[in-house]
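Visitor: Everything in the sequence shown is counted per my numbering, starting at 167 for the first residue and increasing by one. Glycine included, every Cβ here is placed at the ideal spot set by N, Cα and C. Attaching a single structure in structure tokens format; questions to follow.
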Amino acid sequence: MASGRNIPELPRRTALLGLAGLGALTLGGCRLAVNEARGADGGGPRQGGTLILAVNSEPTPARVQSQGPTSTTWRDLVFETLTAYDSSGTPQPALATSWELADGGRTVTLRLRDDVRFHTGRPMTAQDVMFSLRRTTQPAAQSQVSSISKLIKDMSAPDAHTVVLRLSRQASNLFDLFQFCSVVDEESARGLDDGSAVIGTGPFRWESWTPGSQLTLVRNTDYRVPGRPYLDRIEQPLITDPTALVTAIRGGRAHIAYGVGPMDARGLSTDDRFTVNQGISVAYSAGMNVTKPPFDKVEVRQAVGYAVDRKRALNQIFAGYGESSSLWWTRKEPGWDAAQAATYTYDPARAKAMIAGAGAAGARVTMDVIGIQAARSLAEVVRYDLEAAGLRVAVRVLDTVDFTRRMANSSLEGELFLNGYGLSDMSAATFVSSVPAFALKNASRFESPEYATVMTQVLTASPGQRQPAVRRLGTYLQEQAFEQCFLVTQAVNVQSNRVRDLGQTAVGSFVLTDTYLV
């Protein structure tokens, strides 16, 4: 197994970006006895068995190189990446055994493993790696790291297990690309579009998929690590109804439930049959149109940061799973700063005075909200707090697809807009270059030559420059306040204690190479 992929157990959160409410699916299969569910120790790893991993989101094979709930539960079981972050955010070898950076970071040489085979039996070569890197730039991949791969102006393969990349400039977030560039089989890659051929190099093979019902993975008997994986089979039934998902794990019809709501997770956390783990981080943030009153005044935008009771929202909506934060990226970013994360603390009197002082008391604003339950709940807290500070707020919920489209083309009509961003575990450079709300042409319609300079410094920083560049970016964003981050929460999964040695990557994907059942 590639090093750096298992991390300690963690806290919790709601299902990412609104993937619930489509109806329940009844799980067949084994019911676990109560004493077994409590996880009586079986004396060490066991070979064999079927693990039931109930999920609340449909897999999307074409998005194997993107970060999100449609790939998190199976991507790193079927596919492998070039490198993998450990829990401290340091890249570790995976399919690439080593790397060398030269020419000021513009030339990158990757040495590849020579013992890797696709599930078809064909050896993986440098040609597959170059194909996979090119694929991340294609719209069908919907990869959030495409802006990094587009920096590659030339690729070559001096031999079957070496890839040389030549970049147009140094990229401070280069290893984000390697983390999310699942290496796909060039010969069958077209099958990713409809799931007819999903072929990787990982410990499990994609056996069958019935959309709307279940994904089944089976043990890769030719995996290069002797004796791994332990499990024979992984079944991922789709259960989009939140109550049914909890019932499945509580009743013993699933070993793991992915996407359990935070309040349900809090209830399950007191049951000694289960362990609650965190997955990918999501930042909930409000953007403001700086061309429309009252948010054309920076002091009103800053007042929004002081007006919202983040801790109340965290506890009431997310059961305390996560943290209130004025930063959009997590502690995994080396430039994360505790003082910046606490820049905007709840101070309603200050917020009210700032809004009144700007002549904005009583101003009417419309808040457009992405149509997912967590964001809708948070919007009510934000509305209440902003009205207490002197604004009059109307909430308008938009369909998720419509909201996302409008965010991308800067056509949201509200003065204020609330969204969740599931890229917080990635570098600050990738976050701001991948999320449309932070682009140089953004939904807030905020433009500034200084912003372009600060952004460029973060994107091109050398390792030694990264911390100060990220902190300058954080300071600038908080001063201009065209976006206000309220919370960083985590996707939740609940495991039965029959499941041992459950692994997750540093960005929340499952790794079950060493997992076994007792």
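Need the endpoints of the beta strand (DSSP E) that G488 sits in, please.
Guide: G488 to S490
Visitor: Per DSSP, what kind of secondary structure is S577 in: helix, strand or coil?
Guide: coil
Visitor: Along the chain, which unbroken stretches of the beta strand (DSSP E) at least 3 residues long are found entirely within the stretch 567 to 628?
Guide: 582 to 587
Visitor: Looking only at DSSP bridge pairs, what is R390 linked to?
Guide: Its beta-bridge partners do not exist; DSSP assigns none.
Visitor: Mapping the DSSP letters down to three states, classify F297 as helix, strand or coil.
Guide: helix
Visitor: Take M321 as the anchor and find which of G287, R335 and V295 has the nearest alpha-carbon.
Guide: V295
Visitor: Taking just the CA atoms, how far does P225 sit from T376?
Guide: It is roughly 10 Å from the alpha-carbon of T376 to the alpha-carbon of P225.
Visitor: Considering T641, what are the terminal residues of the alpha helix (DSSP H) in which it resides?
Guide: R632 to Q646
Visitor: Check whether the stretch 426 to 439 and the stretch 571 to 589 touch, using three or more Cβ-Cβ pairs below 8 Å as the test.
Guide: Judged by Cβ distances under 8 Å, the stretch 426 to 439 makes no contact with the stretch 571 to 589, as fewer than three pairs qualify.
Visitor: Would a C-beta distance cut-off of 7 Å place T286 and I365 closer than the cut-off?
Guide: Their beta carbons are under 7 Å apart, which means T286 touches I365 by this criterion.
Visitor: With a threshold of 7 Å on Cβ separation, who are the neighbours of S374 within its own chain once the five nearest residues in sequence on each side are excluded?
Guide: T382
Visitor: Given that a residue counts as buried once 16 or more other Cβ atoms are within 10 Å of its Cβ, and exposed if not, what is V567?
Guide: exposed
Visitor: Taking just the CA atoms, how far does R332 sit from V274?
Guide: 6 Å
Visitor: Any idea if N575 is buried or exposed, counting beta-carbon neighbours within 10 angstroms, 16 or more meaning buried?
Guide: exposed
Visitor: Between S492 and C651, is the Cβ-Cβ spacing less than 7 Å?
Guide: Yes, Cβ-Cβ distance for S492 and C651 is below 7 Å.
Visitor: State yes or no: is the C-beta of L310 within less than 7 Å of the C-beta of S600?
Guide: Note that residue 310 is Gln in the sequence shown here, rather than Leu. Going by C-beta atoms, Q310 is nearer than 7 Å to S600.
Visitor: Taking only runs of the beta strand (DSSP E) that begin and end inside the stretch 395 to 466, which ones reach a length of at least 3 residues, in chain order?
Guide: 399 to 403, 422 to 424 and 440 to 454
Visitor: When burial is assigned at 16 or more other CB atoms within 10 Å of the CB, is P708 buried or exposed?
Guide: The shown model of the chain, from 167 to 684, leaves out residue 708, and the question about it has no answer.
Visitor: Taking V442 as the reference, which of I318, G393, G669 and S662 has the closest Cα?
Guide: Of I318, G393, G669 and S662, the residue nearest in Cα terms is S662.
Visitor: Check this for me: beta carbons of D551 and D475, under 7 Å apart or not?
Guide: yes
Visitor: Out of T413, G528 and R356, which has the shortest C-alpha to C-alpha gap to V466?
Guide: G528
Visitor: Could you give the DSSP three-state label for Y510: helix, strand or coil?
Guide: coil
Visitor: Within the stretch 205 to 286, note down every full alpha helix (DSSP H) run reaching 4 residues or more, in order along the chain.
Guide: Listed in chain order, the alpha helix (DSSP H) elements of length 4 or more contained wholly in the stretch 205 to 286 are 241 to 244.
Visitor: Decide if the stretch 348 to 358 is in contact with the stretch 629 to 641; the criterion is three or more beta carbon pairs, one per stretch, under 8 Å apart.
Guide: no
Visitor: Secondary structure at I538, three-state DSSP: helix, strand or coil?
Guide: Coil, per DSSP.
Visitor: If you follow the alpha helix (DSSP H) that Q482 is in, where does it begin and where does it stop?
Guide: R476 to F484
Visitor: May I have the straight-line CA-CA distance separating V531 from A555, to the nearest angstrom?
Guide: 13 Å
Visitor: Tell me the residue span of the beta strand (DSSP E) that contains L381.
Guide: Looking at the DSSP string, the run of the beta strand (DSSP E) that includes L381 is Q380 to R385.
Visitor: Measure the alpha-carbon distance for L276 versus E579 and round it to whole angstroms.
Guide: It is roughly 46 Å from the alpha-carbon of L276 to the alpha-carbon of E579.
Visitor: Per DSSP, which one or two residues make a beta bridge with M321?
Guide: Secondary-structure assignment with DSSP links M321 through a beta bridge to L331.
Visitor: Tell me whether Q670 sits in a helix, a strand or coil according to DSSP, three-state version.
Guide: strand
Visitor: What residues are listed by DSSP as bridge partners for T532?
Guide: DSSP output for T532 lists A560 as bridge partner(s).
Visitor: How big is the Cα-Cα spacing for R478 and G501?
Guide: 27 Å
Visitor: From what residue to what residue does the alpha helix (DSSP H) around Q656 run?
Guide: No alpha helix (DSSP H) holds Q656; the beta strand (DSSP E) holding it covers E649 to S662.
Visitor: Buried or exposed: which applies to A560, given that a residue is buried once 16 or more other Cβ atoms fall within 10 Å of its Cβ?
Guide: Label assigned to A560: exposed.
Visitor: Grab me the residues of N386's own chain with a C-beta within less than 8 Å of its C-beta, minus the 5 sequence neighbours each way, in chain order.
Guide: The residues are H285, G368, P369, F370, R371 and P395.
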